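Inspection log for the structure reproduced underneath, given as structure tokens.
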Amino acid sequence: MEEASIIPSDAKSWSLCVRRIWYDKFPPKNTEIKIEPFDQLIIEKGLEHEKNILAKLSQNRSVKTAESTEHTQLLMDEGIDVIYQAQFYDEDSGLVGNPDFLIKHESGKYQPADAKLARSAEDKKEIKVQLGIYRRLLGTDLPGLVYLGNGKTEEIDDNAYPIVDKFLTEMGNILGRNKPPVVRYSHSKCKICPYFSICQPEFIQKDELTLIHGIDSRSAPHLEDKGIKNIQRLSECDTVSIPDVPYLKNFEKKQRAVLQAKSWLTGEVFKLNDIDLPEGTWIHFDIEDNPLEPSGQKHVYLWGLLKPDYDNSSFEFSWTDSMAEDHQGWEGFLGLIEKYKFYYSDLIIAHYSNHEITTIKQYVERYDMHDHPIVEWLLGEETPLYDMQKPVIQNLVLPLLGYGLKDICKHENLVNFQWENEDSGSQWSIVQFNRFQQEKEVEMRKELKEAILSYNRDDVLATRKLEEWLRKL
Numbered sequence: 197m198e199e200a201s202i203i204p205s206d207a208k209s210w211s212l213c214v215r216r217i218w219y220d221k222f223p224p225k226n227t228e229i230k231i232e233p234f235d236q237l238i239i240e241k242g243l244e245h246e247k248n249i250l251a252k253l254s255q256n257r258s259v260k261t262a263e264s265t266e267h268t269q270l271l272m273d274e275g276i277d278v279i280y281q282a283q284f285y286d287e288d289s290g291l292v293g294n295p296d297f298l299i300k301h302e303s304g305k306y307q308p309a310d311a312k313l314a315r316s317a318e319d320k321k322e323i324k325v326q327l328g329i330y331r332r333l334l335g336t337d338l339p340g341l342v343y344l345g346n347g348k349t350e351e352i353d354d355n356a357y358p359i360v361d362k363f364l365t366e367m368g369n370i371l372g373r374n375k376p377p378v379v380r381y382s383h384s385k386c387k388i389c390p391y392f393s394i395c396q397p398e399f400i401q402k403d404e405l406t407l408i409h410g411i412d413s414r415s416a417p418h419l420e421d422k423g424i425k426n427i428q429r430l431s432e433c434d435t436v437s438i439p440d441v442p443y444l445k446n447f448e449k450k451q452r453a454v455l456q457a458k459s460w461l462t463g464e465v466f467k468l469n470d471i472d473l474p475e476g477t478w479i480h481f482d483i484e485d486n487p488l489e490p491s492g493q494k495h496v497y498l499w500g501l502l503k504p505d506y507d508n509s510s511f512e513f514s515w516t517d518s519m520a521e522d523h524q525g526w527e528g529f530l531g532l533i534e535k536y537k538f539y540y541s542d543l544i545i546a547h548y549s550n551h552e553i554t555t556i557k558q559y560v561e562r563y564d565m566h567d568h569p570i571v572e573w574l575l576g577e578e579t580p581l582y583d584m585q586k587p588v589i590q591n592l593v594l595p596l597l598g599y600g601l602k603d604i605c606k607h608e609n610l611v612n613f614q615w616e617n618e619d620s621g622s623q624w625s626i627v628q629f630n631r632f633q634q635e636k637e638v639e640m641r642k643e644l645k646e647a648i649l650s651y652n653r654d655d656v657l658a659t660r661k662l663e664e665w666l667r668k669l
């Protein structure tokens, strides 16, 4: 096994999973790891953001690009205002550092700076690690600067050093191993990891407890200490016999964990309570938004709705080509809701998860529309908005790793609804929309838009099929 070095950018994979960073350093043999289109888009947008920051820093300042560690030092000695793509290397530690920028402070000292698409560095360990290492390599007491994707700038100071020390210590331990570290399963992180296909069979073969929805890395070790070492053993437990462990203490959580284990092993669906869906005329609702909007604000480019008779022709929407039309798209959505309210006195606006409600509240704040009659109705005590995830989570135990809309609807023994485009998803939609914005050819723009609309239509058709399936139960 070849020796691997530590670089600050390793902090991204390290912050997600120690096994992921091990595979980054020692790629699995005979396995081709492809960069997903969404990840490639992130890279491209990051470079675009970096170039924009460089252009701003270049105004009325001397700027030069560093070509080596020696050249970096030479440019610093010359007193260049902005050094682009600086390079550092510390022989004692073996650390390499490549901050996007070195910026000359009024004191004459230099401070490192990076351009990041993130909207805040507060909860981003990888950003703190990178800027913290750059500061150490530079030997400066000046804070590092982060030029965020929303146009704001944040500082990274000495408070980042504890997480830097943890990173360096853990990376040393990880790189000293001759095989991948043992890790736990996390549905939200693992399903988007490039090494998922490598790790998942091992989790299943091991009968890993954390495959069970509701059992995570904070609970599993304590259950194992009590003799509940795998899914099979958990499925055989009497609920009252399970001891209190962190994040698994009340009877309902324990009961659900046991049933979840049984469901996973047998494929059986368990109904905890009767499912009481509200009666009325249901409109199904789903949005598509662009988190990579250059302005740093969330841009909902598609507000999609499905009205009776719930077929392809019943799909209606409000679409905007860019952030410049954002207010128009929001008004278009409110106009559709106002129309439905007029025609259906018993209106239910169904969506899956709280993302739609959260977004509506953000738009109300953005355009200061608290007094708008439709807004007051949507967010009032008699709101027609109905989150379909709640009756699922509260009343059902399903043979699934996660309870996302596609997890439930695509399962052939559950809803069994299949999207027209098998590759489509929220990240897919974002990639297509960004392609749409960059595309100049009219027919290709039309095709991209139609593909996105088709995907969103399938999303609301899926929640309709989920509604019908729940009513049968």
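Here the sequence shown is numbered in my numbering, starting from 197 and rising by one per residue. We put the CB at the ideal spot given by N, CA and C, even for glycine. Note that the coordinates shown come from a computational prediction; the quantities given were computed from them, not determined experimentally.
Taking Cβ to Cβ, would you say residue i is nearer than 7 Å to residue j?
i	j	result
PRO204	ILE370	no
LEU473	PHE466	no
ASP654	TRP615	yes
ILE394	PRO224	yes
LEU488	LYS241	yes
GLU322	LYS422	no
ILE545	PRO580	yes
PHE529	SER514	yes
VAL593	SER459	yes
LYS450	THR462	no
THR336	LYS375	no
GLU484	TYR497	yes
VAL214	PRO442	no
LYS385	LEU212	yes
LEU597	HIS383	yes
GLN623	PHE234	yes
Thinking just about the alpha-carbon of each residue, which of the options is nearest to the one in residue i?
i	options	result
GLY410	GLN428, ARG452 and LYS305	ARG452
TYR651	GLU637, TRP665 and VAL627	VAL627
TYR343	ASP485, ASP655, LYS247 and ASN591	LYS247
PRO490	GLU464, ILE217 and GLN633	GLN633
PHE464	LEU610, PRO339 and ILE276	Sequence inspection shows Glu at residue 464; the Phe mentioned does not correspond to that position. Cα-wise, what sits closest to GLU464 is LEU610.
ILE553	GLY600, TYR539 and VAL571	VAL571
SER625	SER459, ILE299 and LEU237	LEU237
PHE363	LEU649, TRP665, ASP206 and ILE279	ASP206
ARG414	ILE388, SER384 and ARG380	ARG380
GLN493	SER384, ASN346, GLN396 and CYS213	ASN346
HIS495	TRP526, SER509 and GLU475	TRP526
LEU444	THR462, GLN428, PRO417 and ARG429	PRO417
VAL259	GLY275, TYR285 and LYS602	GLY275
SER254	PHE297, LEU243 and ILE239	PHE297
LYS252	ASP277, HIS267 and SER211	ASP277
ARG562	ASN617, PRO358, GLN524 and TRP478	GLN524
THR555	SER541, TYR391 and LEU574	LEU574
ASP361	ILE533, ALA317, PHE447 and LYS324	LYS324
GLU350	ASP319, GLU608, PRO233 and HIS383	ASP319
ILE249	PHE613, THR477 and LEU341	LEU341
ILE359	GLN326, PRO390, TYR391 and LYS348	GLN326
ALA262	ILE648, PRO295 and LEU644	PRO295
THR365	ASP619, TRP210, ILE648 and GLU664	TRP210
ASP286	SER431, SER303 and ILE202	ILE202
ASN630	GLU618, ASN617, ASP619 and ILE648	ILE648
ALA457	GLU646, ARG667, LEU430 and ASP564	LEU430
SER303	SER316, LYS602, LEU338 and ALA317	LEU338
Pull up the CB-CB distance for residue i and residue j, whole angstroms please, since I reckon it's below 8 Å.
i	j	result
HIS547	PHE481	5 Å
PRO308	ILE471	Between ILE471 and PRO308 the Cβ distance is about 55 Å, and since that is not below 8 Å, they are no contact.
GLN590	ASN469	7 Å
LYS535	LEU543	With a Cβ gap of about 10 Å, LYS535 and LEU543 do not count as contacting.
ASP412	GLN428	Contact flag wrong, Cβ pair sits at about 19 Å.
GLN585	SER620	The pair is not a contact, with the Cβ atoms about 20 Å apart (cut-off 8 Å).
TRP478	GLU664	Incorrect: roughly 10 Å between the Cβ atoms, too far for contact.
What do you reckon, is the C-beta of residue i under 6 Å from a heavy atom of the ligand SAM?
i	result
LEU594	Although the ligand SAM was asked about, the structure shown includes no ligands whatsoever.
Problem - Contiguous beta strand (DSSP E) assignments of at least 3 residues, all confined to the stretch 291-332 - result: Taken in chain order, the whole beta strand (DSSP E) runs of length 3 or more contained in the stretch 291-332 are 291-293, 297-300 and 306-311.
Practice task
Taking only runs that begin and end inside the stretch 319-402, name each unbroken alpha helix (DSSP H) of 4 or more residues, in chain order.
Solution key: List check, alpha helix (DSSP H) in window: 321-334, 357-371, 383-386 and 392-402.
Exercise for the section: Could you pull out every unbroken alpha helix (DSSP H) segment of at least 4 residues lying fully inside the stretch 215-292, listed in chain order? Expected result: Segments of the alpha helix (DSSP H) lying fully in the stretch 215-292: 233-253 and 265-274.
Practice task
Give, in chain order, every unbroken run of the beta strand (DSSP E) that is at least 3 residues long and sits entirely within the stretch 423-511.
Solution key: For the stretch 423-511, whole beta strand (DSSP E) runs of length 3 or above, ordered along the chain, are 477-486 and 495-502.
Handout entry: Segment contact flag, the stretch 357-376 with the stretch 513-527, C-beta cutoff 8 Å, min 3 pairs
Key = Three or more Cβ pairs closer than 8 Å define a contact, and the stretch 357-376 falls short of that threshold against the stretch 513-527.
Problem - At least three beta-carbon pairs within less than 8 Å, the stretch 644-660 to the stretch 486-503 - result: Contact between the stretch 644-660 and the stretch 486-503 is present: 3 or more CB-CB pairs across the two stretches fall below 8 Å.
Practice task
Examine the Cβ distances between the stretch 310-330 and the stretch 252-272 and report whether three or more of them are shorter than 8 Å.
Solution key: Three or more beta-carbon pairs separated by less than 8 Å are not found between the stretch 310-330 and the stretch 252-272, which leaves the two stretches without contact.
Handout entry: Contact between the stretch 281-297 and the stretch 331-346 (3+ Cβ pairs under 8 Å)
Key = Cβ pair count under 8 Å is three or more, so yes.
Handout entry: Three or more C-beta pairs below 8 Å linking the stretch 400-417 and the stretch 224-241
Key = Result no; under three Cβ-Cβ pairs closer than 8 Å.
Exercise for the section: Give a yes or no on contact between the stretch 567-586 and the stretch 347-359, applying the rule of three or more CB pairs nearer than 8 Å. Expected result: Contact fails: fewer than three Cβ-Cβ distances are below 8 Å.
Problem - the stretch 276-284 in contact with the stretch 210-220 per 3-pair CB rule at 8 Å - result: Contact fails: fewer than three Cβ-Cβ distances are below 8 Å.
Problem - Complete runs of the beta strand (DSSP E) confined to the stretch 542-566 [at least 3 residues] - result: For the stretch 542-566, whole beta strand (DSSP E) runs of length 3 or above, ordered along the chain, are 543-547.
Problem - Segments assigned beta strand (DSSP E), at least 3 residues, entirely inside the stretch 581-639 - result: Fully enclosed beta strand (DSSP E) runs of no fewer than 3 residues occupy 581-583 of the stretch 581-639, in order along the chain.
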